[in-house]
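When you read off a place in the sequence shown, starting at 1, and then add 207, the result is the number in this note's numbering.
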Amino acid sequence: MLSKELRAVVVSAKIFVVLVCVLLMLLVTWNNWRARATQLDEARSTTTNISRALAQHAEDTFKAADTALIGMSEKLEYDGREPAALRRLERFLALQVSELTQLHALFVIDKEGNWIVNSEKMVRANVNSKDRAYFIYHQTHANGLPHIDNPIQSRVTGEWIVTISRRLNKPDGSFDGVVMAAIKLNYFANFYDNFGIGDAGALLLASNDGNILFRRPLRNDSIGKSLENASIFRDYASKTSSGVARITSAQDGITRINSYRHLNRYPLFVAAALSEDEVLANWKSDAIMHGVGLLLLIAFLGYLGNRMIVQIQLRGQAENEAIEARVRVEHLNQMLQGLAMHDGLTGLANRRCFDDEIVKELRRASRDGEPLAIVMIDVDYFKKYNDTYGHVAGDDCLRRIAAAVKVAEQRPGDLVARYGGEEIVVMLPHCDKHSATLIASDILKNISDLRIAHSGNPPGVVTASAGVAVLTEVSSADTAESIVDMADKALYQAKSTGRNRVCTYFGGASSLALA
């Protein structure tokens, strides 16, 4: 028989083992539920980031097309509809479609619904658009706003497209036709395919009145279908501008984590959904593994009593899994941030994109012994323009100038970026002083040819000044800051000597030349 003291020790040991096992079970259960909550939080963050990327993509896509429509309307207003003017407009439309990959085609339609000019350089006598919903809409609405209609199939190619259109008016304000941009639905499909949403996930682009423009996965009856009875629209998207919701589908019974967001400029919203079961699939596997491990561990404790060491090992494993999960989320966030490298106002590359690319080009030019040039462009008296015409007109002016400067991107490696405010920078690899100066002069001519009225500028129209910096031989001592500083000095010289001109900086400080 065991002594009382020894029995007390045995009982104490048993109690200790039982308490350790109970505490361990509670700890594992708590960790599993915490991991589950973390997994769901990460899914909510992921769908939010995806919906933000989808909204930005849709905003940029329709904005670029709408900008083209505004340009078409202005050309028709100023140039008229004479044959020569229409031929120039046709070339302009073809150029726009070649530059904007989302566009299927651009059209000018008269008040009878007949095509009078289009980017395809063809007029079909038997094609009439007066029965199209967008045409009927503009006949009965004189609000001058862009109109986005439900997807349709092109009568020429059979391709699915979504249209954005604007009304044309006669001088008396009566209906005079429509300018229309057809955007490929396949353009959205290609972008949406970049996102991993699992087998039961979904991505959605829809109008604010609840009609589907595009959906992934795409079903035969999805396009144009109403979401009136769908919970994501009825209970959420129709009531708030953005949010996250857990919704169980009435059609397939699948519970999904949904994130939705309305576009700022256009009557559309996007949504991203991930299946909760797929989101928690790894967690369920881990939870089962943890449960089995716990049973084995408790049995092992009965033989060896070495619970504390195993507990430390389990906690270390759980911490490693949490770190790996955080790393995966950070990697996904970095991928999504990489999508936002363009300026939302002008559609050009932004300052961040330029800063990254100029460093790469300096290294490449130094390695290959090639020249590198940049052109810094600043709109003349732009503050006066904003003060006179207002910031809305100023934004439109910048967009038109950006489109004019964008033409300078003629070769691989060329980059046009909004540097800040009214400054635009053009990076020109493999470009010597003479070529860079000619390109800068052409850009200034393109800007003045826009003929944007500016009463505060002596020429009476909007003009710009340009500073060109050229590194004929790039060394490791040359930095992004130094070449930008050279361009700034040249730009300052151009401003100081009368504006609406190009100054070129090459070599040292004594080599500042006016072109």
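All C-beta atoms in this analysis are idealised placements derived from N, C-alpha and C, irrespective of residue type, glycine included.
Subject >> Start-to-end residues for the beta strand (DSSP E) that takes in VAL420 >> reply: Here residue 420 corresponds to residue number 213 of the sequence shown, with the count starting at 1. The question names Val, yet the displayed sequence has Leu at residue 420. Start and end: 419-423.
- prompt: What is the DSSP secondary structure of THR595, counted as helix, strand or coil?
  reply: The residue labelled residue 595 in the question sits at position 388 within the sequence shown. It is helical.
Practice task
Look up ILE584 in the DSSP assignment and say whether it is helix, strand or coil.
Solution key: Sequence index remark: in the sequence shown, residue 584 carries index 377 (1-based). DSSP, reduced to helix, strand and coil, places ILE584 within a strand of the structure shown.
Counted within 10 angstroms of its Cβ, other Cβ atoms place TRP240 as buried (16 or more) or exposed: Your numbering for residue 240 matches position 33 in the sequence shown. With fewer than 16 Cβ atoms within 10 Å of its Cβ, TRP240 is classed as exposed.
Notebook entry, point to check: Does the separation of the CB atoms of ALA271 and GLY554 fall below 7 Å?
Noted result: The residue labelled residue 271 in the question sits at position 64 within the sequence shown. The residue labelled residue 554 in the question sits at position 347 within the sequence shown. Yes; because the gap between Cβ atoms is below 7 Å, this pair is in contact.
Note to self: Pop quiz: PHE342 and ILE316 are said to be a contact at Cβ under 8 Å. What is the actual Cβ separation, rounded to whole angstroms?
What the structure shows: Stepping through the sequence shown from its first residue, residue 342 is reached at position 135. Stepping through the sequence shown from its first residue, residue 316 is reached at position 109. Their Cβ separation, rounded to whole angstroms, is 7 Å, which keeps PHE342 and ILE316 in contact under 8 Å.
Leaving aside the five residues before and after PHE713 along the sequence, list all residues of the same chain whose C-beta is less than 6 Å from its C-beta, in chain order.
-> Against the sequence shown, residue 713 aligns to sequence position 506. Closer than 6 Å at the Cβ level, and outside the excluded window around PHE713, lie LYS640, VAL677.
Query raised in the report: So, are the CB atoms of ALA624 and LEU651 less than 7 Å apart?
Result: Residue numbering aside, residue 624 sits at position 417 when the sequence shown is read from its first letter. Residue numbering aside, residue 651 sits at position 444 when the sequence shown is read from its first letter. No.
**OP:** On a CA-only basis, which of GLU483, ASP484, ARG468, PRO666 is nearest VAL477? Give me that one, please.
**Re:** As a working mapping, residue 477 is identified with position 270 in the sequence shown. Closest option to VAL477, Cα to Cα, is ARG468.
request  = Let me know if CYS710 comes out buried or exposed under the rule of 16 or more other beta-carbons within 10 Å of its beta-carbon.
outcome  = Looking up residue 710 in the sequence shown gives position 503. By the neighbour-count rule (16 or more Cβ atoms within 10 Å), CYS710 is buried.
| field | Reference ASN321, options SER336, ILE257, LEU313, GLN309, closest by Cα | value | The residue you call residue 321 lines up with position 114 of the sequence shown. Ranking SER336, ILE257, LEU313, GLN309 by Cα distance to ASN321 puts SER336 first.
- Query: For the candidate residues GLY674, PRO619, ALA660, whose alpha-carbon lies nearest to that of THR644?
  - Reply: The sequence position of residue 644 within the sequence shown is 437, counting from 1. Ranking the options by Cα distance to THR644, first place goes to GLY674.
| query | Does the beta-carbon of LYS391 have 16 or more other beta-carbons within 10 angstroms, so that it is buried, or is it exposed? | reply | In the sequence shown, counting from the first residue as 1, residue 391 sits at position 184. Flag for LYS391 reads buried.
Q: Identify the continuous alpha helix (DSSP H) that holds LEU803 and give its terminal residues.
A: As displayed, the chain neither begins before 208 nor continues past 722, which places residue 803 out of reach and without an answer.
With HIS311 as the anchor, note down where its beta strand (DSSP E) starts and where it stops. Here residue 311 is taken as the residue at index 104 of the sequence shown, counted from 1. The continuous beta strand (DSSP E) containing HIS311 extends over residues 310-316.
Beta-carbon within less than 7 Å of GLN346's beta-carbon, same chain only, minus the 5 sequence neighbours each way: which residues are those? If you number the sequence shown from 1, residue 346 lands on position 139. Closer than 7 Å at the Cβ level, and outside the excluded window around GLN346, lie PHE382.
Per-residue DSSP class, three states only, for ALA684
Against the sequence shown, residue 684 aligns to sequence position 477. Three-state DSSP puts ALA684 in coil, outside helix and strand.
**Asked** By Cβ distance, which residues of its chain are closer than 7 Å to ARG606, with the 5 residues on each side in sequence left out?
**Response** Taking the first residue of the sequence shown as position 1, residue 606 is located at position 399. Counting only Cβ-Cβ distances below 7 Å, and skipping sequence neighbours, we find THR274, LEU552, THR553.
Next on the checklist: If you follow the beta strand (DSSP E) that VAL486 is in, where does it begin and where does it stop?
Outcome noted: Working through the sequence shown from its first residue, we reach residue 486 at position 279. Taken as a continuous stretch (DSSP letters only), VAL486 belongs to no beta strand (DSSP E), being part of the alpha helix (DSSP H) at 483-486.
Notebook entry, point to check: Quick one, which of SER655, TYR510, ASP594, GLY620 has its alpha-carbon nearest CYS638's?
Noted result: One-based indexing of the sequence shown puts residue 638 at position 431. When only C-alpha atoms are compared, the closest one is GLY620.
Q: Determine the DSSP secondary structure at ILE519, reduced to helix, strand or coil.
A: Translated into positions along the sequence shown, residue 519 becomes position 312. The predicted model places ILE519 with a pLDDT of 47, which falls under 50 and marks its position as unreliable, so this point remains unresolved.
Decide if the stretch 359-372 is in contact with the stretch 438-457; the criterion is three or more beta carbon pairs, one per stretch, under 8 Å apart.
-> no
Can you tell me whether HIS345 is helix, strand or coil according to DSSP? As a first step, residue 345 must be located in the sequence shown, where it is residue number 138. HIS345: helix per DSSP, three-state reduction.
Q. According to the neighbour-count rule (16 or more other Cβ atoms, all chains shown, within 10 Å of its Cβ), is SER482 buried or exposed?
A. As a working note, residue 482 is residue 275 in the sequence shown. When all chains shown are included, SER482 counts as buried.
field: Neighbourhood of ILE505 by C-beta, 6 Å cutoff - its chain only, sequence neighbours within 5 removed
entry: Position 298 of the sequence shown, counted from the start, is the residue given in the question as residue 505. Once the five neighbours on either side are set aside, the close Cβ partners of ILE505 are CYS228.
Check: Are the beta-carbon atoms belonging to ALA611 and ILE565 less than 7 Å from one another?
Finding: As a position in the sequence shown, residue 611 is number 404, starting the count at 1. As a position in the sequence shown, residue 565 is number 358, starting the count at 1. Not closer than 7 Å, so no.
Check: Hey, would you say LEU410 sits closer than 7 Å to ALA457, going by beta carbons?
Finding: As a working note, residue 410 is residue 203 in the sequence shown. As a working note, residue 457 is residue 250 in the sequence shown. Inclusion of LEU410 and ALA457 in the CB contact set at 7 Å is not warranted, their separation being larger than that value.
Exercise for the section: Would you list the one or two residues that DSSP bridges to GLN360? Expected result: To locate residue 360, count along the sequence shown from 1; it is residue 153. DSSP, once it has assigned bridges, lists TRP367 as partnering GLN360.
inquiry  = So within the stretch 228-309, which uninterrupted alpha helix (DSSP H) runs reach at least 4 residues, ignoring any that extend past its ends?
reply    = Counting only runs that start and end inside the stretch 228-309, the alpha helix (DSSP H) elements of at least 4 residues fall at 290-306.
Notebook entry, point to check: Between the beta-carbon of LEU698 and the beta-carbon of ASP585, is there less than 7 Å?
Noted result: Locating residue 698 in the sequence shown gives position 491, where the first residue counts as 1. Locating residue 585 in the sequence shown gives position 378, where the first residue counts as 1. Contact: yes.
- prompt: Can you tell which of VAL614, VAL536, ASN707 has its C-alpha closest to the C-alpha of THR254?
  reply: Translated into the one-based positions of the sequence shown, residue 254 becomes position 47. The shortest Cα separation from THR254 among VAL614, VAL536, ASN707 belongs to VAL536.
Inter-residue Cα distance where the pair is ASN418 and ALA615: On the sequence shown, position 211 is the one that residue 418 refers to. On the sequence shown, position 408 is the one that residue 615 refers to. Near 39 Å, if we compare the C-alpha coordinates of ALA615 and ASN418.
For ASN664 and ASP587, believed in contact at Cβ under 8 Å, the rounded distance: For the purposes of this step, residue 587 is identified with residue 380 of the sequence shown, where counting begins at 1. For the purposes of this step, residue 664 is identified with residue 457 of the sequence shown, where counting begins at 1. Yes, ASP587 and ASN664 are in contact; Cβ-Cβ is about 6 Å, under 8 Å.
Query raised in the report: When DSSP builds the beta bridges, which residues end up paired with THR455?
Result: As a working mapping, residue 455 is identified with position 248 in the sequence shown. Beta-bridge pairing links THR455 to THR462.
Secondary structure at HIS661, three-state DSSP: helix, strand or coil?
The sequence position of residue 661 within the sequence shown is 454, counting from 1. Coil at HIS661, not helix or strand.
Handout entry: VAL324 to ASP562 span [Cα, whole Å]
Key = In the sequence shown, the residue the question calls residue 324 occupies position 117. In the sequence shown, the residue the question calls residue 562 occupies position 355. Those two C-alpha atoms are separated by around 41 Å.
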